[in-house]
Amino acid sequence: MAGENVQTVDISELPLPRLTQIKQELDSQVEIFGSSLQQLKIAQKKYGDSRECVEKMQSMKDGNSMLVPLTDSVSFRYYYYY
10 MAGENVQTVD
20 ISELPLPRLT
30 QIKQELDSQV
40 EIFGSSLQQL
50 KIAQKKYGDS
60 RECVEKMQSM
70 KDGNSMLVPL
80 TDSVSFRYYY
90 YY
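Residues 10 to 91 (the working numbering) are what the sequence shown spells out, left to right.
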């Protein structure tokens, strides 16, 4: 909010249909924020998993291998040769 055209309204003066509309809008926004938070948590977990794999790959010695996840159900075997 920029604060330029801020108007305060006493909610006791609003008609019931307008209050119902405001409630529905707020419920929708809460649902969107909840979904966004869930997606951010999933992305954070994937980032952490990727970072862990990179750290393990950096500390590998010649000839070692490890499974690297591409998705939750698909991985590939990585062989390290320097």
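Just so it is clear, CB atoms sit at the ideal spot from N, CA and C, and this is done for glycine as well.
- Comparing alpha carbon positions, the residue from D81, P78, R60, Y87 closest to D71 is Y87.
- DSSP places S74 inside the beta strand (DSSP E), whose first and last residues are 74–78.
- Here M69 has Y89 as same chain residues with Cβ atoms under 6 Å from its own Cβ, once five neighbours each way along the sequence are excluded.
- Beta-bridge partners of F85 (DSSP): V77.
- P24 carries a coil assignment under DSSP once its states are collapsed to helix, strand and coil.
- Rounded to the nearest whole angstrom, the C-alpha separation of M66 and I41 is 37 Å.
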